[in-house]
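Mapping of the sequence shown onto this note's numbering: residues 3 to 119, in sequence order. Every residue gets a Cβ at the ideal spot worked out from N, C-alpha and C, and that includes glycine.
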Amino acid sequence: MDQLTNIFKVLSDQTRLRAVVLLYKEELCVCELEGVLELSQPKISKSLSKLRDLNLVEDERKEKFVFYTLKKDNQILNRIIQGILENLEEYPQIQEDIDRLGEKEKYLNKCNPLSIL
């Protein structure tokens with residue numbers, strides 16, 4: 003029962019809900035999430051930390067970036083996200099986030115100090 007309660011607690015926060023849906027779709031780093039969600043890095047990092055603490059995301063270092071993916075082994079969470087994705091017309095903010103995923107590379111480039119040179 004605790005696991006179920008924790009899932010609903012996690013999803014009750016708008017930032018975490020939006021991040022979970024995006025991470026369900028694909029692997030992203032903090033910089034990409036920051037740009038796509040149009041939120042601050044500390045807010046994104048705090049949300050990812052909570053998701054990691056509940057063992058809902060995995061992280062992997064690639065060069066200087068840490069990329070996050072949603073663990074797909076939680077069937078309840080998967081069904082909830084699938085339901086959201088099947089009814090995107092009811093969730094315009096999530097639809098906007100998904101639309102901005104196509105621009106994720108530009109957000110990653112903003113975090114790369116070498117791209118400024």
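Report the residue from the options whose alpha carbon sits nearest the alpha carbon of residue i.
i, options, result
"Glu28", "Glu40, Glu60, Asp4, Leu56", "Glu60"
"Leu30", "Arg63, Thr7, Gln84", "Arg63"
"Lys45", "Leu56, Thr17, Tyr93", "Thr17"
"Lys112", "Cys33, Tyr26, Thr7, Leu58", "Cys33"
"Ile96", "Ile9, Phe10, Tyr26", "Tyr26"
Taking only the alpha-carbon atoms, compute the straight-line gap between residue i and residue j and give it to the nearest angstrom.
i, j, result
"Lys74", "Leu87", "15 Å"
"Val68", "Asp99", "20 Å"
"Ile82", "Lys11", "13 Å"
"Asp15", "Asn80", "17 Å"
"Lys106", "Leu13", "23 Å"
Would residue i pass as a contact of residue j if the rule is Cβ separation under 9 Å?
i, j, result
"Leu90", "Leu24", "no"
"Leu39", "Leu58", "no"
"Leu53", "Tyr70", "yes"
"Leu19", "Ile78", "no"
"Gly37", "Tyr109", "yes"
"Ser42", "Ala21", "no"
Can you tell me whether DSSP reads residue i as helix, strand or coil?
i, result
"Lys64", "strand"
"Leu90", "helix"
"Thr7", "helix"
"Cys113", "coil"
"Leu58", "coil"
"Leu30", "strand"
"Leu72", "strand"
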